[in-house]
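First to last, the protein sequences are chains A and B.
Okay, so the first sequence: first residue is 36 according to our numbering, each after it adds one.
Okay, so the second sequence: first residue is 36 according to our numbering, each after it adds one.
Note that CB positions come from ideal geometry on N, CA and C, so glycine has one too.
Here's the structure, in structure tokens; my notes come after.
Number of protein chains: 2
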Amino acid sequence: MPREITSFSNDTVKLLRSLRDKKARREEGLFLAEGLRILTEARDSGRLPEIIAYSDKGTLHPLAAEIVAATEAAGGDVIVTSPDILSKMSGKDNPQAILGAYRQPDTSLAALDRSAAPLWLVAQSLRDPGNIGTILRTGDAAGAGGLILLDDCVDPYSVEAVRASMGAIFTQSVAAASWDAFLPWLRGGAGQLVGTSLNTDYDYLAPAYEQPCFVLIGNESQGLPADYEAACDLLVKMPMLGRADSLNAAAAAAVMAYAVRASWRNR
Amino acid sequence: MPREITSFSNDTVKLLRSLRDKKARREEGLFLAEGLRILTEARDSGRLPEIIAYSDKGTLHPLAAEIVAATEAAGGDVIVTSPDILSKMSGKDNPQAILGAYRQPDTSLAALDRSAAPLWLVAQSLRDPGNIGTILRTGDAAGAGGLILLDDCVDPYSVEAVRASMGAIFTQSVAAASWDAFLPWLRGGAGQLVGTSLNTDYDYLAPAYEQPCFVLIGNESQGLPADYEAACDLLVKMPMLGRADSLNAAAAAAVMAYAVRASWRNR
Chain A
36 MPREITSFSN
46 DTVKLLRSLR
56 DKKARREEGL
66 FLAEGLRILT
76 EARDSGRLPE
86 IIAYSDKGTL
96 HPLAAEIVAA
106 TEAAGGDVIV
116 TSPDILSKMS
126 GKDNPQAILG
136 AYRQPDTSLA
146 ALDRSAAPLW
156 LVAQSLRDPG
166 NIGTILRTGD
176 AAGAGGLILL
186 DDCVDPYSVE
196 AVRASMGAIF
206 TQSVAAASWD
216 AFLPWLRGGA
226 GQLVGTSLNT
236 DYDYLAPAYE
246 QPCFVLIGNE
256 SQGLPADYEA
266 ACDLLVKMPM
276 LGRADSLNAA
286 AAAAVMAYAV
296 RASWRNR
Chain B
36 MPREITSFSN
46 DTVKLLRSLR
56 DKKARREEGL
66 FLAEGLRILT
76 EARDSGRLPE
86 IIAYSDKGTL
96 HPLAAEIVAA
106 TEAAGGDVIV
116 TSPDILSKMS
126 GKDNPQAILG
136 AYRQPDTSLA
146 ALDRSAAPLW
156 LVAQSLRDPG
166 NIGTILRTGD
176 AAGAGGLILL
186 DDCVDPYSVE
196 AVRASMGAIF
206 TQSVAAASWD
216 AFLPWLRGGA
226 GQLVGTSLNT
236 DYDYLAPAYE
246 QPCFVLIGNE
256 SQGLPADYEA
266 ACDLLVKMPM
276 LGRADSLNAA
286 AAAAVMAYAV
296 RASWRNR
């Protein structure tokens, strides 16, 4: 049976609310996902929330009712509450009618199975949670196995990143590591490391990329450090026809991911 | 000579501050751009601000000093002020050390010269200012002439869109129109209208796109309306290998823009 919560000062309300904060997410090992679309994506990927909360106003959508029932059957905490309290949990004025708190998976490189997909995206020190979510979503669409976050990236489990991923946070593997840990891991198995750079004339459409291909995307304002570029198996250049010589990091990741896939069409 | 402003209640402070609001931007015909990188992009595109404000702390960067001098020579209003007042103008806790208010250009379709570029991006009812800015930036990199905003798009001159454009708001032409005005304008000259859709099997890499090519991007959550798709000369599909069958609108625009350019490589 769902628990009804009517008090803003309830401990579970406070717990869910706290998950907007990175420190609390790390301590609890949980993260927040909001809205039926993302919760359905999670369920379809075999993931159920540990806590689920929905509004006591209106009828529950049949898909939402299914997820609530499955969460309850799995021993999860099911909460029915007011839109105002949902709003407090999500920190938004117009909250989604349902949200869930999910266990964060293991993000060690050791947990990553590189043979699971021919394409992997790797991002270095990305600072914008929207970019991380968008890159996860692109990875899902382009058939990547997941996203490896190097060095000082923002948290992929932030509310903003989860939202921008449109559920790809559940379909893509996520790993986090320093460059110094990543490079030996990469070289311990098959894999071509491809960086995009302005310091080469080698066109991004020229190579027949190897599998698995690891596409390395640099920080939003600095691009890739020189020694990271030097460690790549291949540096390629996307044409930059404008004045600014740059693309948004998530846009560059999308162009590269689809170019790599395109190079495999006639294999 | 620069005017020194020390009062938060100064009229120019209030004016600049008001430009965070769409209604004020429309009434004043101005918009705000912040930071030396974007102001330099503007200057290099032949655009100077009508009002320029910079911090009285520290030495002015030589590039900034050049832009300030050029603005003054052109009869612009030059303001030196405190970081706190700059912060109030920009609405940010850590404001850039320089900002400018620029005249909004004519965004009518009649002002657009389609022969100026082989590629144009067209977006329908985009709701996210970051997406609009990112698409402008992608257009700059991919050699597009500009961005045509259809129907109910958010304002391309918002602070968020200008920031995400990284200066491409000054290098790309921008037009805004309803679909009902756009279609006759398009058909009044040369141009292939290409939509991306899940309702076709025609692969996005198959065509040799015509010039000028108008790439039509749908709203973030709905995609393109059926009658817009029906009016396209060509519908193409990008492979969607994941569960979600969707890409972020700005990511999709980037993949399509580069695919269209790639189809012209061997002409």
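Residue nearest to residue i in terms of C-alpha spacing, selected from the options
i, options, result
"L270/B", "A279/B, V295/B, N283/B", "V295/B"
"G165/A", "A284/A, F43/A, A279/A", "A284/A"
"V113/B", "G126/B, D91/B, P130/B, K123/B", "D91/B"
"I167/A", "A176/A, I183/A, A177/A", "I183/A"
"D149/B", "A279/B, K57/B, Y263/B, G181/B", "In the sequence as presented, Asp is not what sits at residue 149/B; that position holds Arg. Of A279/B, K57/B, Y263/B, G181/B, the residue nearest in Cα terms is G181/B."
"G230/A", "A151/A, K58/A, P260/A", "P260/A"
"A158/A", "R278/A, P219/A, P191/A", "P191/A"
"S122/B", "A109/B, Y89/B, P140/B", "Y89/B"
"D186/B", "L171/B, I170/B, R162/B, A196/B", "R162/B"
"G226/B", "S213/B, V209/B, V250/B, L233/B", "V250/B"
"A145/B", "V290/B, T94/B, A211/B", "A211/B"
"I252/B", "K49/B, A286/B, R222/B, R278/B", "A286/B"
"L83/A", "A151/A, G93/A, A105/A, E69/A", "A105/A"
"K58/B", "S193/B, Y293/B, S298/B", "S193/B"
"E69/A", "I102/A, D46/A, T94/A", "I102/A"
"F217/A", "S143/A, L171/A, A100/A, R300/A", "S143/A"
"I120/B", "V48/B, Y244/B, Q131/B", "V48/B"
Backbone secondary structure at residue i - three-state DSSP
i, result
"V295/B", "helix"
"R162/B", "coil"
"T231/A", "strand"
"T41/A", "coil"
"R138/A", "strand"
"A32/B", "Examination of residue 32/B is not possible in this model, given that chain B is present from 36 through 302 alone."
"T94/B", "coil"
"E255/B", "coil"
"D112/A", "strand"
"Y89/A", "strand"
"A284/B", "helix"
"G168/A", "helix"
"A289/A", "helix"
"K49/B", "helix"
"K127/B", "coil"
"L29/A", "There is no way to answer for residue 29/A, as the model of chain A reaches only from 36 to 302."
"D187/B", "coil"
"E69/B", "strand"
"D215/A", "helix"
"L269/B", "strand"
"L182/A", "strand"
"L221/A", "helix"
"D238/B", "strand"
"L83/A", "coil"
"L144/B", "helix"
"L121/A", "helix"
Under 7 Å from the C-beta of residue i: neighbouring residues of chain A
i, result
"G178/B", "L276, G277"
"A297/B", "L240"
"G165/B", "G165"
Residue environment, residue i, which counts as buried when at least 16 other CB atoms sit within 10 Å
i, result
"Q257/B", "exposed"
"Y237/B", "exposed"
"L154/B", "buried"
"M36/A", "exposed"
"N254/B", "buried"
"A109/A", "exposed"
"D215/A", "exposed"
"E337/A", "Nothing about residue 337/A can be reported from this structure: the residues present for chain A run from 36 to 302 only."
"P219/A", "exposed"
"L233/B", "exposed"
"V265/B", "Correcting the residue type first, residue 265/B is Ala in the shown sequence and not Val. Looking at its Cβ environment, which holds fewer than 16 other Cβ atoms inside 10 Å, A265/B is exposed."
Chain A contact residues for residue i, given Cβ-Cβ distances below 9 Å
i, result
"M201/B", "A279, S281, N283"
"T206/B", "G277, R278, A279"
Residues that residue i contacts on chain B, provided the C-beta gap is smaller than 7 Å
i, result
"V290/A", "A289, V290, Y293"
"D79/A", "R278"
"T169/A", "N283, A286"
Per-residue contacts from residue i into chain B (C-beta, under 8 Å)
i, result
"T173/A", "L282, N283, A286"
"M273/A", "A176, Y293"
Listed by chain order, chain A residues near residue i by CB distance under 8 Å
i, result
"E26/B", "As shown, chain B starts at 36 and ends at 302. That puts residue 26/B outside it, with no answer to give."
The ligand ZN heavy atom lying under 7 Å from the CB of residue i
i, result
"S193/B", "The ligand content of the structure shown is nil, which means the ligand ZN is not present either."
Relative to chain E, which residues along the stretch 56–67 of chain A have a C-beta separation below 9 Å, given in chain order? Absent here is chain E; the protein component of the structure consists of chains A and B.
When you compare the stretch 198–210 of chain B with the stretch 70–84 of chain B, are there three or more beta-carbon pairs, one atom per stretch, that lie closer than 8 Å? Yes, the stretch 198–210 of chain B is in contact with the stretch 70–84 of chain B.
How about the stretch 135–143 of chain A and the stretch 60–68 of chain A: do they share at least three Cβ pairs that are nearer than 8 Å? Verdict: yes, contact present.
Using a Cβ distance threshold of 8 Å, determine whether the stretch 168–179 of chain A contacts the stretch 271–280 of chain B, with at least three qualifying pairs required. Three or more Cβ pairs closer than 8 Å define a contact, and the stretch 168–179 of chain A meets that threshold against the stretch 271–280 of chain B.
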